[in-house]
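Q: For reference, the structure I am asking about is given below.
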Amino acid sequence: MNAVPGAERVHYRACNLCEAICGLEIRTRGDRILSIRGDAADPLSRGHICPKAVALKDLQQDPDRLRGPLIRDGSGFREIDWEPAFDLVAERLAAVYAAHGADAIAVFMGNPSVHNYGNLTHAQRLLGQIRTRNRYSATSADQLPHQLVAYWMYGHQLLLPVPDIDRTRYWLVLGGNPLTSNGSLMTVPDLRGRLKALHARGGRLVVVDPRRTETAEVADEHLFVRPGTDAALLIGLLKIVLEENPLAIGRLAAFSDGVDDVRAALASFEPDALAAFCGVDAAVVHRLAREFVAAGAAVCYGRLGVSAQRHGTLCQWLIQLINLVTGNLDREGGAMFTTPAVDLIEGPASRPGHFGRWRTRVRGLPEFGGELPVAALAEEIETLGEGERLASTARGWSERLATEGRAGVPGYRNSCAKDGESGRIEKRIRALLTVAGNPVLSTPGGARLERALSGLECMLSIDFYLNETTRHAHVILPPTSALEHDHYDLIFHLLAVRNTARYSPPLLAKPAGARHDWEIFEALGQRLAARLGGRHAAFPPPRQIVDLGLQGGPYGALRGHPRALSLAKLEAAPHGIDLGPLQPRLPQRLQHPDKRIRCAVPELMHALRAFADEMARPQAQGLRLIGRRHLRSNNSWMHNSERLVKGPRRDRLWMHPQDLAARGLCDGARVRLRSAGGSVEVEVETSAALLPGVVCLPHGWGHDRDGVRLSVARRHAGVSYNDVSDPQALDTVSGNAAFNGLSVEVEPL
Ligand SMILES: Nc1nc2c(c(=O)[nH]1)N[C@H]1C(S)=C(S)[C@@H](COP(=O)(O)OP(=O)(O)OC[C@H]3O[C@@H](n4cnc5c(=O)[nH]c(N)nc54)[C@H](O)[C@@H]3O)O[C@H]1N2
Ligand SMILES: Nc1nc2c(c(=O)[nH]1)N[C@H]1C(S)=C(S)[C@@H](COP(=O)(O)OP(=O)(O)OC[C@H]3O[C@@H](n4cnc5c(=O)[nH]c(N)nc54)[C@H](O)[C@@H]3O)O[C@H]1N2
Ligand code: SF4
Ligand SMILES: [Mo]
914 MNAVPGAERV HYRACNLCEA ICGLEIRTRG DRILSIRGDA ADPLSRGHIC PKAVALKDLQ
974 QDPDRLRGPL IRDGSGFREI DWEPAFDLVA ERLAAVYAAH GADAIAVFMG NPSVHNYGNL
1034 THAQRLLGQI RTRNRYSATS ADQLPHQLVA YWMYGHQLLL PVPDIDRTRY WLVLGGNPLT
1094 SNGSLMTVPD LRGRLKALHA RGGRLVVVDP RRTETAEVAD EHLFVRPGTD AALLIGLLKI
1154 VLEENPLAIG RLAAFSDGVD DVRAALASFE PDALAAFCGV DAAVVHRLAR EFVAAGAAVC
1214 YGRLGVSAQR HGTLCQWLIQ LINLVTGNLD REGGAMFTTP AVDLIEGPAS RPGHFGRWRT
1274 RVRGLPEFGG ELPVAALAEE IETLGEGERL ASTARGWSER LATEGRAGVP GYRNSCAKDG
1334 ESGRIEKRIR ALLTVAGNPV LSTPGGARLE RALSGLECML SIDFYLNETT RHAHVILPPT
1394 SALEHDHYDL IFHLLAVRNT ARYSPPLLAK PAGARHDWEI FEALGQRLAA RLGGRHAAFP
1454 PPRQIVDLGL QGGPYGALRG HPRALSLAKL EAAPHGIDLG PLQPRLPQRL QHPDKRIRCA
1514 VPELMHALRA FADEMARPQA QGLRLIGRRH LRSNNSWMHN SERLVKGPRR DRLWMHPQDL
1574 AARGLCDGAR VRLRSAGGSV EVEVETSAAL LPGVVCLPHG WGHDRDGVRL SVARRHAGVS
1634 YNDVSDPQAL DTVSGNAAFN GLSVEVEPL
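If you use the numbering used here, the sequence shown corresponds to residues 914 to 1662, in order.
Rendered as structure tokens:
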């Protein structure tokens, strides 16, 4: 990789910052980055980029980015070498394990883990050594409802249909703002260009959102909805289609079970009551249903605003059903499944999911796919009592080995009880490992979590910033930067609006002594195995695993496909390879053994009845808080780039003029924003783009905490949404964080 000093080089690679995975053209001289542009030859992104891509240079050069391990002692953080850092961490974790059992060690995996393929290929190996059931991730602050619904309906948590944007004629978007977020659970670079094409072929875009968003601005129609009430709108749509167009389902009827049960369960919902609840007129809902069916190729899509809310799983189920009963599931221009070059669904590493096999100790919240809702993390650390008893997990390491079996890569599938068995965790969390996450700013009740972190016996963070979360770690192990390692998008090719594949070699040489994330996992895994008496066989690097995945995948040589895809083939095609538009995949792709779709999921039929009861109760009055994203921000971690944070302030609380006037407030006033979960002081800003009664705040800010080593971000500190959000406010089915629709008060200061 080391270039001749002075010679200019051109590299092509994927941007790893968001789900759009745009192709970049990066020019370098030596280790200097000269320019970052869109790669016009990339088959998926076709030259599109956003302002964040250029900030990859800022991340690379950021003097605040950690280059070597840090250890915290009385006087603060100091540098330490890698080997003693590994030994120390392994020793501490092993001590907690020996004294309290595996479940006393918790793990939190943050969002960038999914954008760094070595984390996906190798994190399981370290987790396999720790074998804790106290696993948490950003999933339960994000897309958990989508995965749970896919698992229940289609038999696999990653079998997530994607809007076929390039061929649809009608796109109904709820709770997503893809022109700003660049799409989610839908890898779709250059959405603006794709929407122009939709309009050029006579298609329509309809956006349902409590705020007139950037996406709503370019839509043919925008409908305001009260936060947290979308389920009523979706029930209305589904009911109308099922009653008026029972045959619209078409060929899908042959392998869909339970549609009649769903129809019967919707009978008692009155259109006027539904309309009154969500604020969208019954006549409008009726028209939408007709337009959707008449479009021929239509797709309903709901994202964070309808998953990180009280009825998240109910909404995501209703959205799947609307696509299904209108015949748009698995149809061109509807909601389609990808055929990714490395297939995580049918490949050897497949993990379909499981639900409720164990529960959190304090609140009894269910696991999904081996992870517990992150809203429970603080209480699982802080709550003393019961769980201090000796639990089954305190058995010796070798006994666990003998009883649970450890063939191949250790995982949870072979070692746990059946679905729904719900053994409760008995151990209080005493040690925590965070990887690529900032839960103090990103999970509900961040301020309480922060307090809890300071009481841990051992905390380790794998992260290259000393931020609001990692400042509580005893040891921080910083991995290489994105440009210093290679990359393949294991997840986002699986979620893309077109089948493509692309491998990015490292752009810059790995600095002497630096470690990739996956190398850190391996080093820790080996040391833990040595201390706990387990085995840790050598494992190939990520690129070799991906090569095997490509060769054994749907276009691979091992399957006899004429493309004979392999890593070598991808390396010879630096812009990526186009594998064509999405293809119909059902029923073969379904992962239930009977190859059928389960529509009347018992847990969701129950949630539907509970929703009817909730509609019948008087609704709380007052303000509702929702979130927002900004094109030049990325959750909590890119505020240290001057070029991204400069310009007008973005951290204010937006309020409708009516709501300001009602409280005697004017633009710029300081207020206290309060919920049942906490409060912050913040400045207000007038926004007529909101539905009256709705207030809006971005998340990921609040960088002024002591000891945070983010010099630029500290000057643009803002307040953290999650100091207000409430860990008790959850999606009723999955335990996903319900950030949106939170009941709040605003008081003048
Ligand atoms: N109120 C509210 N809260 C939210 C949301 C919301 O809409 N409203 N959104 C939620 C959503 S959707 C998500 S995904 C979460 C995100 O929340 P988290 O998963 O906590 O992720 P980030 O806040 O982006 O923090 C990422 C961390 O990873 C580090 N990092 C970046 N790249 C790497 C890498 O390659 N390796 C390692 N080891 N570290 C790396 C960064 O330095 C940073 O510390 O926030 C959730 N929280
Ligand atoms: N620039 C930028 N891009 C990002 C990120 C980022 O932080 N910055 N984060 C990335 C991540 S991790 C994710 S998960 C994705 C998220 O991708 P999106 O889901 O597209 O992102 P949001 O902007 O959070 O959109 C949520 C929308 O839901 C609306 N909303 C809130 N409550 C409700 C409700 O009750 N009903 C309805 N119908 N709407 C509601 C909000 O007003 C908002 O417009 O974005 C990704 N892309
Ligand atoms: S849209 Fe996302 S992937 Fe594309 S350049 Fe921007 S941050 Fe990178
Ligand atoms: Mo996310």
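Virtual Cβ for every residue (Gly too), placed ideally from N, Cα, C.
These figures come from a predicted structure and were not determined experimentally.
For residue 1366, which of 1606, 1390 and 1341 has the nearest alpha-carbon?
A: Nearest C-alpha to residue 1366: 1341.
Q: On the three-pair Cβ rule with 8 Å, is the stretch 1405-1421 touching the stretch 996-1012?
A: Output reads no: the stretch 996-1012 does not touch the stretch 1405-1421.
Q: Could you tell me which residues DSSP pairs with residue 1021 in its beta bridges?
A: Looking at the DSSP assignment, residue 1021 forms a beta bridge with 1049 and 1347.
Q: What does the Cβ neighbour count give for residue 1471, buried or exposed, with the cut at 16 atoms within 10 Å?
A: Its Cβ having fewer than 16 others within 10 Å, residue 1471 is exposed.
Q: Let me know the secondary structure DSSP gives residue 1328 once reduced to three states.
A: Confidence at residue 1328 is low in this model, with a pLDDT of 31, below 50, so the placement of that residue should be treated as unreliable; the coordinate-derived value is given next. Here residue 1328 sits in coil by DSSP.
Q: For the alpha helix (DSSP H) that residue 1444 lies in, which residues bound it at each end?
A: 1430-1445 is the extent of the alpha helix (DSSP H) around residue 1444.
Q: Starting from residue 1468, trace the alpha helix (DSSP H) both ways and give me its first and last residue.
A: Taken as a continuous stretch (DSSP letters only), residue 1468 belongs to no alpha helix (DSSP H), as it is neither H nor E.
Q: Distance, Cα to Cα, residue 944 vs residue 920?
A: Roughly 11 Å between the two C-alpha positions.
Q: Is residue 1191 near ligand 2, with its Cβ less than 6 Å from a heavy atom?
A: Checking every heavy atom of ligand 2 against the Cβ of residue 1191, none is found closer than 6 Å.
Q: Distance check for residue 1410 and residue 1073, CA to CA, integer angstroms please.
A: So the alpha carbons of these two residues sit roughly 12 Å apart.
Q: Within its chain, find whatever has a CB closer than 7 Å to the CB of residue 1161; leave out the 5 residues flanking it on each side and keep chain order.
A: So the qualifying residues of the chain are 1154, 1206, 1238, 1239 and 1240.
Q: Between 1490, 1150 and 968, which has its C-alpha nearest residue 1176's C-alpha?
A: Nearest of 1490, 1150 and 968 to residue 1176, Cα basis: 1150.
Q: Closest by CA to residue 1659, which one among 1043, 1574 and 1557?
A: Residue 1574 is the option with its Cα nearest to residue 1659.
Q: For the beta strand (DSSP E) holding residue 1592, just list the boundary residues, first then last.
A: First-last of the beta strand (DSSP E) with residue 1592: 1591-1599.
Q: Give a single yes or no on whether residue 1055 has its beta carbon closer than 6 Å to a heavy atom of ligand 4.
A: Yes, the Cβ of residue 1055 comes within 6 Å of a heavy atom of ligand 4.
Q: Identify which residue in 1502, 1369, 1013 and 1040 has its Cα closest to the Cα of residue 1433.
A: The shortest Cα separation from residue 1433 among 1502, 1369, 1013 and 1040 belongs to 1040.
Q: If I follow the unbroken alpha helix (DSSP H) through residue 1010, where does it start and stop?
A: Here the alpha helix (DSSP H) through residue 1010 covers 995-1013.
Q: Using a Cβ-Cβ cut-off of 8 Å (strictly less than) and excluding sequence neighbours within five positions of residue 1498, which residues of its own chain qualify?
A: Excluding residues within five positions, the ones whose Cβ falls inside 8 Å are 1243, 1249, 1250 and 1252.
Q: With 16 as the cutoff for other CB atoms within 10 Å, does residue 1581 come out buried or exposed?
A: Label assigned to residue 1581: exposed.
Q: In this structure, how does DSSP classify residue 1083 when only helix, strand and coil are distinguished?
A: Residue 1083: strand per DSSP, three-state reduction.
Q: Would residue 1127 be called buried (16 or more neighbouring beta carbons within 10 Å of its own) or exposed?
A: Flag for residue 1127 reads buried.
Q: On the CB-based measure, 16 or more other CB atoms within 10 Å of its CB, does residue 1112 come out buried or exposed?
A: It is exposed - the Cβ of residue 1112 has fewer than 16 other Cβ atoms within 10 Å.
Q: Which residues does DSSP pair with residue 1568 in a beta bridge?
A: Per DSSP, 1599.
Q: Starting from residue 1235, follow the alpha helix (DSSP H) in both directions and report where the run begins and ends.
A: Start and end: 1225-1238.
Q: Could you tell me the distance, in whole angstroms, from the CA atom of residue 1168 to the CA atom of residue 1510?
A: Distance between the alpha carbons of residue 1168 and residue 1510: 6 Å.
Q: Is the Cβ-Cβ distance between residue 1578 and residue 1610 less than 7 Å?
A: For residue 1578 and residue 1610, no; Cβs fall outside 7 Å.
Q: Go ahead and pull the three-state DSSP assignment for residue 1131.
A: In the structure shown, residue 1131 sits in coil (DSSP, three-state: anything other than H, G, I, E or B).
Q: Taking residue 1429 and residue 1031 to be in contact with their CB atoms under 8 Å, please state how far apart those CB atoms are, rounded to whole angstroms.
A: About 5 Å separates the two Cβ atoms, so the contact holds.
Q: According to the neighbour-count rule (16 or more other Cβ atoms, all chains shown, within 10 Å of its Cβ), is residue 1300 buried or exposed?
A: Unreliable placement is indicated for residue 1300, whose pLDDT of 46 sits below 50; the coordinate value is still reported in the next sentence. Flag for residue 1300 reads buried.
Q: For residue 1305, which residues of its own chain have a beta-carbon under 7 Å away from its beta-carbon, when the five flanking residues on both sides are left out?
A: Summary for residue 1305: the model assigns pLDDT 35, below 50, so the residue's position carries little reliability; its value from the coordinates is reported in the next sentence. So no residue of the chain qualifies.
Q: Only counting the same chain, and skipping five residues up and downstream in sequence, which positions put a Cβ closer than 7 Å to that of residue 1320?
A: The predicted position of residue 1320 is uncertain, since its pLDDT is 27 and thus under 50; a value taken from the coordinates is nonetheless stated next. Nothing meets the Cβ criterion.
Q: Can residue 1140 and residue 1653 be called in contact, C-beta distance under 7 Å?
A: Contact flag set, yes.
Q: At what residues does the alpha helix (DSSP H) containing residue 1112 begin and finish?
A: Segment 1104-1113, the alpha helix (DSSP H) holding residue 1112.
Q: Taking the alpha-carbon positions, what's the residue 1275 to residue 1603 distance?
A: In a straight line, the C-alpha of residue 1275 is about 37 Å away from that of residue 1603.
Q: By Cβ distance, which residues of its chain are closer than 7 Å to residue 1308, with the 5 residues on each side in sequence left out?
A: Here the model assigns residue 1308 a pLDDT of 30, short of 50, so the residue's position is not dependable, and the following value carries that caveat. Closer than 7 Å at Cβ, skipping near neighbours: no residue.
Q: With DSSP run on the structure shown, which of helix, strand or coil describes residue 1607?
A: Three-state result, residue 1607: strand.
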